[in-house]
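Asks:
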Amino acid sequence: MSELLKGKTAIVTGGGTGIGTAVATRFAAEGAKVLITGRRESLLAEVQNRLPEGSVHIFAGDVVHDAEAMAAAALTISGRIDILVNNAAVDPEGTVLDMPEEEWRKAIEINLTGPFLMMKAVLPHMIEAGKGVIINMSSLAGLRCIPSMAAYSSSKAGLIGLTRATAFDFGKYGVRVNAICPGPVKTEAMDRAMRPLAAELGIDIDGAYDQLAAFLPLGRSADASEIAGTALFLASDDASFITGAVISADGGATIVDPCGPALGPDGNVSGDH
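Going by numbering that gives the first Met the number 0, 210 is the number at position 211 of the sequence shown; the sequence numbering is gapless.
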């Protein structure tokens, strides 16, 4: 590795699984000291034990209630916080009519208020240093709606707005704030979400991923390490003039016309007509 983050200290929320683990792994490989946070200490410890000794520290807690404590824990590593990756999230299913209010509130709290509180906790330290990077993990769902995911789509769209507002307000202090919008990514959580589709179609999980990605320009789902690569770029000095950006790491999903799946390879409507 090129050690693009040598000497940096990063916080990655939701670092015990999926994209968060991939980001922490890549950051550590590039020379950063990483504090991973999450509610399940056992998962955090598994990640810590897999990576080089001393490269990863853990904090078991909730971004809604423990943001200040997480920032304080990161400061004990090196006395600085260079990078924050707001990745922790939940994705309850439901429309406005059938989603319980408590599930709505939980999604908004963790997916939107949590990043707000984490930024509130780290920004004073970044301002004092005259530099810093914040990466908010939004979603394709924040740009294009997903059926029966009202709370998730709303919270991720809100996170894009919060990203831009924070970039606008704190750029003058040398703080860069950007968002990543992943499309379908192969993670443990996504595997669970794909099981009903796989069962309905009578196929395995890999087949369900293929079905999901069939109309993407790249024709496949992503590996979590690919999203980590996007995060690494935004965290590095190679992205020194990028702030307020919303990066779609989605295999081209946002450029596909909704009518596309109904068209054959020759551009004509497929099926009987």
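Just so it is clear, CB atoms sit at the ideal spot from N, CA and C, and this is done for glycine as well. Computed from a predicted structure; not experimentally measured.
From which residue to which residue does the alpha helix (DSSP H) around Asn-110 run?
Replies: Where Asn-110 is concerned, there is no enclosing alpha helix (DSSP H), given that its DSSP letter is neither H nor E.
Asks: Identify which residue in Lys-5, Lys-32, Ala-28, Asn-48 has its Cα closest to the Cα of Ile-76.
Replies: Lys-32
Asks: Do Ile-179 and Asn-135 have their C-beta atoms closer together than 9 Å?
Replies: Cβ atoms of Ile-179 and Asn-135: closer than 9 Å.
Asks: Please report the straight-line C-alpha distance between Gly-211 and Thr-112, rounded to a whole angstrom.
Replies: The residue you asked about is not Gly; residue 211 is Leu in the sequence shown. Rounded to whole angstroms, Leu-211 to Thr-112 spans 30 Å at the Cα level.
Asks: At which residue ranges does the segment 54-98 contain complete beta strand (DSSP E) runs of 3 or more residues, listed in the order of the chain?
Replies: 55-59, 82-85
Asks: Could you tell me the boundaries of the alpha helix (DSSP H) in which Thr-186 lies?
Replies: From DSSP, Thr-186 is part of no alpha helix (DSSP H); its letter is neither H nor E.
Asks: Buried or exposed for Gly-266, going by 16 or more other Cβ atoms inside 10 Å?
Replies: Any answer about Gly-266 is weak, because its pLDDT of 46 lies below 50 and its placement is not dependable; what the coordinates show is given next. It is exposed - the Cβ of Gly-266 has fewer than 16 other Cβ atoms within 10 Å.
Asks: Just to check my reading of the structure: Gly-160 and Asp-249 have Cβ atoms closer than 8 Å, yes? What is that Cβ distance to the nearest angstrom?
Replies: Not a contact, Cβ separation roughly 19 Å.
Asks: Can you give the Cα-Cα distance for Gly-270 and Val-62, rounded to whole angstroms?
Replies: Caution applies to Gly-270, whose pLDDT of 45 falls short of 50 and renders its modelled position unreliable; the model cannot decide the point.
Asks: Quick check on Glu-199: buried or exposed, where buried means 16 or more other Cβ atoms within 10 Å of its Cβ?
Replies: By the neighbour-count definition (other C-beta atoms within 10 Å, threshold 16), Glu-199 is an exposed residue.
Asks: Pull up the distance between the alpha-carbon of Phe-214 and that of Val-255, whole angstroms please.
Replies: 8 Å
Asks: Answer yes or no: do Ala-223 and Ala-207 have a C-beta to C-beta separation smaller than 9 Å?
Replies: no
Asks: Measuring CA to CA, which of Ala-44, Ser-54, Gly-19, Leu-42 is closest to Lys-7?
Replies: Ser-54
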